[in-house]
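*Asks:* Provided herewith is a single structure, encoded as structure tokens, for subsequent inquiry.
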Amino acid sequence: MLIPHPLLGPRDAQEFTYLGDARLIDRPDGMAEGAGAAFHDYLYLRDNPAGPHRELWYHEHGDRSWLVVTRDTTTHEILGAELVKGPGR
Amino acid sequence: MSYSGFRILREALRGHRGWRPLWRDPEPQSEYDIIIVGGGGHGLATAYYLAKVFGQARVAVLEKGWLGSGNIGRNTTIIRSNYLLPGNQPFYEFSMKLWEGLEQDFNLNAMVSQRGVLNLYHSDGQRDAYRRRGNAMILSGADAELLDRDQVRAMYPFLNFDNARFPIRGGLLQRRGGTARHDGVAWGYARGADRRGVDIIQNCEVTGFVIENGVCRGVETSRGTIRARKTGVAVAGSTGRVMAKAGMRLPIESFVLQAFVTEGLKPCLDGVITFGAGHFYVSQSDKGGLVFGGDLDAYNSYAQRGNLPVMEDVAEGGMALMPMIGRARLLRSWGGIMDMSMDGSPIIDRTPVEGLYLNAGWCYGGFKATPASGYCFAHLLAKDAPHETATAFRLDRFETGHVIDEKGVGAQPNLH
Ligand SMILES: Cc1cc2nc3c(=O)[nH]c(=O)nc-3n(C[C@H](O)[C@H](O)[C@H](O)COP(=O)(O)OP(=O)(O)OC[C@H]3O[C@@H](n4cnc5c(N)ncnc54)[C@H](O)[C@@H]3O)c2cc1C
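Protein chains in written order, with our numbering: chain A, 1 to 89; chain B, 1 to 416.
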């Protein structure tokens, strides 16, 4: 698989490590009420869709950026890639 | 239908025109007591034990494709009970005991072969971890032997003992572990269930659940609505997709696992060997092919085929462990979709929807679990209480903190 890195162009997926569902960026507020349940859902539950999936890839053997890659889990076709934005970066 | 030497002779003389299918091909009825979704190993075993042990007769197994089209027909057939944790090991040892009596029980040759499973170690730390694991196995009633380097060399002189980075120092051997014929297991359970009145309905995809006032009353299928008092889902790699139809998000991600087989060779490897340093394991099939595999492709997938980097990695593992494998030509490779759970251990439990039960999270190790998984799921469906060896496989264990994480890697399914 080739991942279209927004800065570096197409890169072999082997240069990256895979973390999983991009919803892991949306970390719940640990101080909020019901944080226990929110963290359970955040850490353990997944949509696990068959079809397009937004997921986190880390360019470990490259520029060490985190990307959100959109990929079809039924065909492995990569539909797009962007840099992770915001404080989670 | 049953087999005998006489029957084979008779059919040989009659052009093999007298063989009949092993099970019926019934039309779905409008209602059953219990519906099992998924005609893989676990679904068929569940139906078999429901009928045979728990006296349930109005049972149907609904399979979207043909019987055995999923992982039951794709795995590398290794059976073992060499787990560490108390939530897991008694269950897998129960499964091993069922394997030992399986062929007599369902009267079909599933080629269960206790040829021994050897896990190699390459460092002092790994040896100590295996010693601990071996003791845990023995405490559960299983067998385990810690071998040193010379003992391993006597068994398998062709291994590369002097790999510069990962020399072989010894191994943990379970002699009762081994292999079985995966298709035979599916057929034996299917025939046994069918004979006891279970309807096995193929080409019948479950497309939704009939949920009335929070209670599951059956399923919607490609062949119409079928009602049931209880519905048990055992769809392995499709778990996320199917349970989403009941509005559930699960602690499961789906990944593809590949396997490989070489051309047929003369007998050269009589047991199962796993490389403790890289991820590689190998055995020789009764047809002579070396059957081997390694890591998952590390990203979510429902594609049922893997990619080249993992093939390369597996081949490197094979060459590091047993260089002679480089002389064999690869015949085929394939992939299957694994329901990887967040702690690497399975789920056999009720769900928040009354009447809907779940059997899932088998990762890449569910073949060995087939008999016990079926037995325990049948127990749960029939009695509404978990079997004594499956009490830890709860769906809510991530919420309560009772995870069963053999490797201690956390909620990262592609690392289990
Ligand atoms: C390459 C590979 C190697 C493996 N090696 C080993 C090994 O050596 N040892 C070991 O213990 N385990 C191994 N495994 C794991 C093992 O094969 C699985 O964990 C186990 O087979 C899963 O249970 P099952 O047999 O019920 O699954 P399956 O056979 O996949 O059954 C699930 C069934 O559900 C059906 N289904 C899905 N969706 C629907 C729907 N909507 N409606 C109706 N039916 C549906 C599918 O068609 C399928 O037939 C391996 C797996 C793979 C892929």
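For every residue, glycine included, the Cβ atom is placed at its ideal position computed from N, Cα and C.
1. On the criterion of 16 or more Cβ atoms from any shown chain inside 10 Å, does Ile138(B) qualify as buried, or is it exposed?
2. Does any residue of chain A have a CB that is nearer than 8 Å to the CB of Leu302(B)?
3. What are the start and end residues of the alpha helix (DSSP H) that includes Gly5(B)?
4. Return no unless some Cβ of chain A is closer than 8 Å to the Cβ of Leu173(B).
5. With distance defined between alpha-carbon atoms, name the residue in Ala390(B), Ile200(B), Ser285(B) nearest to Gln114(B).
6. Closer than 9 Å, Cβ to Cβ, to anything on chain B: give me those residues from the stretch 38 to 58 of chain A, in chain order.
7. Ser333(B): which of Met342(B), Val310(B), Glu354(B), Tyr302(B) sits nearest, CA to CA?
8. Mind checking whether Gly232(B) and Val37(B) have CB atoms under 8 Å apart?
9. Looking at chain A, is there any beta carbon in it that lies within less than 8 Å of the beta carbon of Met311(B)?
10. Taking only beta-carbon positions, decide if Ile252(B) is within less than 8 Å of chain A.
11. Using only the alpha-carbon positions, how far apart do Gly88(A) and Tyr42(A) sit?
12. Can you tell me whether Phe54(B) is helix, strand or coil according to DSSP?
13. Classify Glu93(B) as buried or exposed, calling it buried when 16 or more other Cβ atoms lie within 10 Å of its own Cβ.
14. Three-state secondary structure (DSSP) at Asp47(A)?
15. Taking Cβ-Cβ distances shorter than 7 Å, what residues in chain A pair up with Met342(B)?
16. Phe280(B) and Asp349(B): beta carbons closer than 8 Å?
17. Could you check if Ser238(B) belongs to the surroundings of ligand 1, using beta carbon to heavy atom distance under 7 Å?
18. Decide if Phe158(B) is buried, meaning its Cβ has at least 16 other Cβ atoms within 10 Å, or exposed.
19. So is the beta-carbon of Trp99(B) under 7 Å away from any non-hydrogen atom of ligand 1?
20. Excluding the 5 residues flanking Trp99(B) on each side, which residues of the same chain have their C-beta closer than 7 Å to its C-beta?
21. To test your reading of the DSSP string, which unbroken alpha helix (DSSP H) runs of 4 or more residues are found completely within the stretch 331 to 409 of chain B?
22. At a Cβ cut of 7 Å, what residues of the stretch 65 to 78 of chain A count as close to chain B, listed as they run along the chain?
23. Shortest alpha-carbon distance to Leu118(B) belongs to which of Arg176(B), Glu212(B), Lys287(B)?
24. Which ranges would you report for the beta strand (DSSP E) in the stretch 26 to 72 of chain B if only whole runs of at least 3 residues count?
25. Okay, do the stretch 199 to 212 of chain B and the stretch 55 to 65 of chain B touch, 3+ Cβ pairs below 8 Å being the bar?
26. Give every residue of the same chain whose Cβ lies closer than 8 Å to the Cβ of Gly73(B), excluding the five residues on either side of it in the sequence, and list them in chain order.
27. Among the candidates Pro90(B), Phe166(B), Gly214(B), Leu84(B), whose CA atom is the shortest distance from the CA of Val353(B)?
28. Since Ile252(B) and Met340(B) are thought to touch, with beta carbons under 8 Å apart, how far apart are those beta carbons, to the nearest angstrom?
29. Pro10(B) to Phe54(B), Cα distance in whole Å?
30. Do you know how far the Cα of Trp57(A) is from the Cα of Gln29(B)?
31. Please determine whether the Cβ atom of Tyr364(B) lies at a distance below 7 Å from any heavy atom of ligand 1.
32. Under 7 Å Cβ-Cβ, which residues of chain B neighbour Met1(A)?
33. Here's a check: name, in chain order, each residue in its chain whose Cβ is nearer than 6 Å to the Cβ of Val261(B), leaving out the five neighbours to either side.
34. Could you tell me whether the stretch 215 to 229 of chain B touches the stretch 13 to 22 of chain B, where touching means 3 or more Cβ pairs closer than 8 Å?
35. Who are the neighbours of Glu399(B) on chain A, taking C-beta pairs under 9 Å?
36. Hey, how far is the Cα of Ser102(B) from the Cα of Ala244(B)?
*Replies:* If we stick to the structure as given:
1. Ile138(B) is exposed by the Cβ-count criterion.
2. The residue asked about is misnamed: residue 302(B) is Tyr in this sequence, not Leu. Yes, because at least one Cβ of chain A sits closer than 8 Å to the Cβ of Tyr302(B).
3. Counting along the chain, the unbroken alpha helix (DSSP H) around Gly5(B) starts and ends at 5 to 13.
4. In terms of beta-carbon proximity, Leu173(B) stays away from the interface with chain A, with every pair separated by 8 Å or more.
5. Ser285(B)
6. His40, Asp41, Leu43, Tyr44, Leu45, Arg46, Asp47, Asn48, Pro49, Ala50, Gly51, His53, Glu55, Trp57
7. Val310(B)
8. yes
9. no
10. yes
11. For Gly88(A), the predicted structure reports a pLDDT of 48, less than 50, and the residue's modelled location is therefore unreliable. The matter cannot be settled from this model.
12. coil
13. buried
14. coil
15. Those are Tyr44, listed as they occur along chain A.
16. no
17. yes
18. exposed
19. no
20. Ile79, Val112, Ala180, Pro371
21. Note on the stretch 331 to 409 of chain B: whole alpha helix (DSSP H) runs with a minimum of 4 residues are 370 to 383, 397 to 400, in chain order.
22. Thr73, Thr74, Thr75, His76
23. Answer by Cα proximity: Arg176(B).
24. 31 to 37, 59 to 62
25. Enough Cβ pairs lie closer than 8 Å, so yes.
26. His182, Asp183, Ala186
27. Gly214(B)
28. The beta carbons of Ile252(B) and Met340(B) sit about 7 Å from each other, so the pair counts as a contact at 8 Å.
29. First, the residue type needs correcting, since residue 10(B) is Arg and not Pro in the sequence shown. So the two alpha carbons sit approximately 37 Å from each other.
30. Computed Cα separation, rounded: 48 Å.
31. yes
32. Asn307
33. Contacts found: Gly289, Val291, Leu331, Arg332.
34. no
35. Ordered by position in chain A, the residues that pass the 9 Å Cβ test against Glu399(B) are Gly36, Ala37, His40, Tyr44.
36. Checking the sequence shown, residue 102(B) turns out to be Leu, not Ser. C-alpha separation (whole angstroms): 34 Å.
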